[in-house]
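Per full-length UniProt numbering, residue 1 is the first one in the sequence shown, and the count goes up by one each step. No residue lacks a Cβ here, since even glycine has one placed at the ideal position from N, Cα and C. Below: one structure, written as structure tokens.
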Amino acid sequence: MPHSGWFRRRLFRLIACSRAKAKGIKITRRDLKIFIPAFLALFSSAYSITMLFPFLPFMVQFLLPQVEEENIGKYAGFIASSMFLGRFFGSYAWGALADKKGRKPVVIVSCVLIGLSSAAFGFSVQIYMAVVFRFFVGLFNGVAGTVKAIISESTTNRSQALGMSLIICAFSLGLIMGPAVSGALADPIGQYNLNISSE
């Protein structure tokens, strides 16, 4: 390949420049006051997205005892997709509200509403309740876009790249921990052979 040498030199130069810039990054206390809450907010937001996947088929069986096995996936899909439908309808409204009322109040209110909706989802006794509460989880999820705006507006040029990287890390970690934790706790009595008796 005639251009392989040129491409290799450009790649090495890019890596060298990135390392040089990384060495010059200075994180201030003000940056940490922004990064830490942003990290936690995005982590909880991502966690709420994937935490139901390990136990969702069993939940459908619990809510619909008479459902045929081949239809479990259909109802599980309704519940899972309702959250993303809610995000579709709520994203623009949260962005407009953040511009009008401020970024911080939107993140706080959104996190509280996500928590309440997720808790209500756990108490669902009908399939339509599960769909509605998951829809609310998505509808109230205005965290991601607002946090990105906070990072871009409140950090310096030197720390902005690190802030955006932390956003990706927080979201990815939440997506990983959601199914990992809920999968471990989905059926503790059956998984860990816990003998619980009333005697």
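Residue i versus residue j - alpha carbon distance
{"i": "residue 186", "j": "residue 101", "result": "39 Å"}
{"i": "residue 124", "j": "residue 130", "result": "5 Å"}
{"i": "residue 61", "j": "residue 119", "result": "20 Å"}
{"i": "residue 67", "j": "residue 38", "result": "42 Å"}
Beta-carbon contacts of residue i that lie in its chain and below 6 Å, excluding the five residues immediately before and after
{"i": "residue 53", "result": "179"}
{"i": "residue 154", "result": "34"}
Check whether residue i and residue j have beta carbons under 7 Å apart
{"i": "residue 165", "j": "residue 140", "result": "no"}
{"i": "residue 36", "j": "residue 159", "result": "no"}
{"i": "residue 45", "j": "residue 143", "result": "yes"}
{"i": "residue 175", "j": "residue 50", "result": "yes"}
{"i": "residue 114", "j": "residue 48", "result": "yes"}
Cutoff 7 Å: residue i Cβ touching any chain B Cβ
{"i": "residue 83", "result": "No chain B appears in the structure shown, which is made up of a single protein chain."}
Whole-angstrom C-beta distance between residue j and residue i, which should lie under 8 Å
{"i": "residue 63", "j": "residue 80", "result": "That belief does not hold up - the Cβ atoms of residue 63 and residue 80 are roughly 14 Å apart, past 8 Å."}
{"i": "residue 42", "j": "residue 149", "result": "Not quite, the Cβ-Cβ distance comes to about 13 Å (not below 8 Å), so this is no contact."}
{"i": "residue 86", "j": "residue 121", "result": "Wrong, their Cβ atoms sit about 12 Å apart, outside the cutoff."}
{"i": "residue 168", "j": "residue 151", "result": "That belief does not hold up - the Cβ atoms of residue 168 and residue 151 are roughly 11 Å apart, past 8 Å."}
Contacts around residue i, its chain only, beta-carbon distance under 7 Å, and the 5 residues preceding and following it disregarded
{"i": "residue 89", "result": "139"}
{"i": "residue 183", "result": "54"}
Neighbourhood of residue i by C-beta, 8 Å cutoff - its chain only, sequence neighbours within 5 removed
{"i": "residue 146", "result": "94, 95, 98, 103, 106, 107, 110"}
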